[in-house]
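Numbering (our numbering), first residue to last: 37 to 181.
Idealized CB from N, CA, C, for every residue including glycine.
Values in this document were obtained by computation on a predicted structure and should not be read as measured data.
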């Protein structure tokens, strides 16, 4: 045999069956994995943290644009989560635009245009390139006379 008596093997099988019975089933009848359970716990903890979070984007502005988009939700945590995602998007675009500006400044230094300690300014060219990475097209159409 494999080193276990028949009664010990039955006890192990019944113990693992009991453990499987303790896991909650999903609506599809499937038993969730450990990673799914951990993910649910992390999400619950994150939503609790959203109760105390005050986003940089004002809630009135978030509510206005969500209403314009037809989004209806009474849960403040979800609205704050969307405001946080918007804040992250704006931050990423601004960072990318800054990088484009730095690249452009480095190119102008190589062409012997010496600009002493110029301040970094957000240009439409840099912003257009940064937003293009995210699939947002803000180029104005050419003027036709």
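Nearest-angstrom Cα separation, counted from residue j out to residue i
i, j, result
"residue 166", "residue 173", "10 Å"
"residue 99", "residue 129", "22 Å"
"residue 254", "residue 89", "Outside the modelled stretch of the chain, which goes from 37 to 181, sits residue 254, for which no answer is possible."
"residue 81", "residue 178", "50 Å"
"residue 66", "residue 79", "20 Å"
"residue 86", "residue 94", "14 Å"
"residue 71", "residue 169", "32 Å"
"residue 164", "residue 154", "21 Å"
"residue 175", "residue 131", "19 Å"
"residue 105", "residue 68", "34 Å"
With 16 other Cβ atoms within 10 Å as the buried cut-off, status of residue i
i, result
"residue 162", "buried"
"residue 193", "Because residue 193 is not part of the residues shown, which for the chain are 37 to 181, the question remains open."
"residue 133", "buried"
Closest by C-alpha distance to residue i, when choosing among the options
i, options, result
"residue 92", "81, 84, 125 and 104", "125"
"residue 156", "102, 164, 135 and 71", "135"
"residue 83", "175, 176 and 116", "116"
Rounded distance between the beta-carbons of residue j and residue i, thought under 8 Å
i, j, result
"residue 159", "residue 127", "18 Å between Cβ atoms; not a contact."
Any C-beta of chain C under 7 Å from that of residue i
i, result
"residue 126", "As a matter of chain content, chain C is missing from the structure shown, which is built from one protein chain."
Original post:
Is the region 108-119 touching the region 71-81, taking contact as three or more C-beta pairs under 8 Å?
Top reply: no
Original post:
Taking three-plus beta-carbon pairs below 8 Å as touching, is the region 114-126 in contact with the region 135-142?
Top reply: no
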